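Let me begin by presenting the structure, written as structure tokens, before commenting on it.
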């Protein structure tokens with residue numbers, strides 16, 4: 042199983058539960074739904090899209106767009122998060138710091154795109 046299938050496993054499982062009489066397998070629609078879910082989670086964390094992570098962007102239709110009310114409800118308090126980062130960043134080991142820097146750089150890239 043490759044990483045694409047790993048990321049799409051829950052989507053396929055949900056589809057199999059909903060369509061009990063169908064023989065379903067991984068396909069472009071399943072992979073696209075996983076990309077939409079991943080991108081929505083990034084958007085909820087204050088990012089924009091998967092382009093900054095050099096990942097494929099999902100094909101969206103009207104039904105796959107995250108409603109603005111839901112985005113607003115899930116926004117985190119930036120002051121609380123900033124204080125948490127200031128307190129915990131010095132405690133990171135080398136691997137954690139490298140990962141943190143990559144993620145921070147990707148989000149900075151997304152903000153500059155706007």
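In my numbering, the protein residues as written are 42 to 155. Ideal Cβ positions, reconstructed from N, Cα and C, are used throughout, including at glycine. Since the structure is predicted, the reported quantities are computational estimates derived from the model, not experimental observations.
Where does residue i land, buried or exposed, given buried means 16+ other C-beta within 10 angstroms?
| i | result |
| --- | --- |
| residue 71 | buried |
| residue 97 | exposed |
| residue 73 | buried |
Go ahead and pull the three-state DSSP assignment for residue i.
| i | result |
| --- | --- |
| residue 46 | helix |
| residue 86 | coil |
| residue 93 | helix |
| residue 65 | coil |
| residue 154 | Bear in mind that the predicted position of residue 154 carries a pLDDT of just 48, short of 50, making it too unreliable to give a figure here. |
| residue 81 | helix |
In whole angstroms, what is the alpha-carbon distance linking residue i and residue j?
| i | j | result |
| --- | --- | --- |
| residue 64 | residue 57 | 8 Å |
| residue 44 | residue 149 | 26 Å |
| residue 167 | residue 122 | Missing from the structure shown is residue 167; the chain here goes from 42 to 155 and no further. |
| residue 94 | residue 143 | 10 Å |
Closer than 7 Å by C-beta to residue i: which residues in its own chain qualify, once you throw out the five before and the five after it? Chain order, please.
| i | result |
| --- | --- |
| residue 67 | 46, 49, 53 |
| residue 120 | none |
| residue 101 | 77 |
Apart from the five residues on each side of it in sequence, which residues of its chain come closer than 8 Å, Cβ to Cβ, to residue i?
| i | result |
| --- | --- |
| residue 133 | 141 |
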